[in-house]
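These notes are about the structure you will find just below.
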Amino acid sequence: MGIKYDSVIVFGPTGAVGSAVAVEAGKRGAKVWLAMRDTTKAIPGLEESSGKFERVQADLSDAESVKRAVSQSGAKAAFFYQVRTKDGMKLTIGAMKESGIEYVVFLSSLTILPDDDIRAITPDKIIPFAHSSVEVTIEDLGLPSTMLRAGAFAHNIIWQNLDRSSEPWKAKIPISERKSDGIVQKDIGRVGGAVLVERPSESQKEIIYLYGPELLTREEQLTIIEKVSGKKIETEVQSFEEYGKYMLTKGFPEFIVNYLLKADNGDRNDAYYANGRHEEGVANVKKYSGYEATTYEGYVREFLTKAA
1 MGIKYDSVIV
11 FGPTGAVGSA
21 VAVEAGKRGA
31 KVWLAMRDTT
41 KAIPGLEESS
51 GKFERVQADL
61 SDAESVKRAV
71 SQSGAKAAFF
81 YQVRTKDGMK
91 LTIGAMKESG
101 IEYVVFLSSL
111 TILPDDDIRA
121 ITPDKIIPFA
131 HSSVEVTIED
141 LGLPSTMLRA
151 GAFAHNIIWQ
161 NLDRSSEPWK
171 AKIPISERKS
181 DGIVQKDIGR
191 VGGAVLVERP
201 SESQKEIIYL
211 YGPELLTREE
221 QLTIIEKVSG
231 KKIETEVQSF
241 EEYGKYMLTK
251 GFPEFIVNYL
261 LKADNGDRND
271 AYYANGRHEE
281 GVANVKKYSG
291 YEATTYEGYV
301 REFLTKAA
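With the UniProt record's numbering applied, the sequence shown closes on residue 308, and no number is skipped along the way.
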C-alpha cells in the first residue's frame, strides 16, 4: 500500500482547481485545511459541513503566513499553484518544508515537455519558465512531489474571446488552426485531490500530464458553444496584430500577449500532444481520479447551467 496522508492543506481553495482538490481530498477521508488569503470568502462547490474542513489564513506570496498556516494545520502534504515571486517561490516552499510538509502536489503546465531540461528553460519562455522555476525549487529543497502538468483550460475561450453581453453573442479569435485539449479545471482538481491524499508512487518526483479528451480549434469550440446554448455567435477572425491589440484591451500585459501570439503561430503547440501524450493525458484523468475526462460539450453544458 502506498503512502497516504490523513491531514492535507490546499492553497487556493476558492479557485476552480483548488476547490475540486479540496472536495476530492475530503472524499478520500483526509482532514482538509483550506489555506486562504481571505478566510471569509465563499468556496464554490464545497459543502464544508459535509466533511473535515477547516479554514486557515495564508498567502502564497507571504512565506511567514504559509509557515503559520502549515504549523497550525499539522498537515504533511500540500497542494499549491504558481505565484510570481523573484525567487521561484523558494521562501514559500521552504516555509512549507520547515513547518512540516513532507510532500507537495504542484499545478504545473503542459508547456514543459518530458524531454525538457527544467533548469535550461529561459525567461523568454514565460509560461514554461514560471512553472519550471518552481519545479526546480521543489527539487532543490528535496521535497517529494507530484507535478500536474495540465493542459489548456476549457474555459479559456469563454473567458478570453466570447462576449455574451450582446445579441447575437460575439467572439474575436486570431487566424490560427491551433488546437487545444480544453481540460476542465474540476478534472484537474479531482486528480490533484486524489494524489494529494494517496501518493501515486514513492518516487521523489512524479510527473502526470492531464488533458481534455478532444483536440479542438477555437472555431470548433465556438460551434459547440452555439449548439449547446442555442445562441448565434458572430465571430470575427483577426490578424495576429489585431488580435494582440484586442488582448491588451482585455487586460493582458503586453509581454504575455507577445508570448501567446508567438506560441499560437509556432509549431511547439503540436509537440504538447505528440507521441501519444494526448491519449496518455486523457487516460490519466480516469487512472488517478476514477472519473472520465469531461468532454468540451459536457463542460459547456455545466458552465451555462451555472451561469443561468
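Built from N, CA and C at the ideal position, the CB exists for glycine as well.
By alpha-carbon distance to residue 30, the top candidate from 73, 256, 154 and 14 is 73. The distance from the Cβ of residue 209 to that of residue 292 is about 17 angstroms, inconsistent with a contact at the 8 angstroms cut-off. Residue 270 has no beta-bridge partner at all, per DSSP. For residue 57, DSSP records a beta bridge to 36. Residue pairing for residue 149: DSSP places it in a beta bridge opposite 108 and 209. Between residue 101 and residue 24, the alpha-carbon positions lie close to 20 angstroms from each other. Between residue 60 and residue 80, the CB-CB gap stays under 8 angstroms. Comparing alpha carbon positions, the residue from 242, 103, 129 and 162 closest to residue 224 is 162.
In the structure shown, residue 243 adopts helical secondary structure according to DSSP, grouped into three states. Judged by DSSP secondary structure, residue 75 falls outside any alpha helix (DSSP H); it is assigned neither H nor E.
For residue 252, there is no enclosing beta strand (DSSP E), since its DSSP letter is neither H nor E.
Here residue 160 is not bridged, per DSSP, to any residue. For the pair residue 220 and residue 269, the Cα-to-Cα distance works out to about 17 angstroms.
About 6 angstroms separates the beta carbons of residue 181 and residue 215, which is inside the 8 angstroms limit, making them a contact pair. Residue 86 is not bridged by DSSP to any residue.
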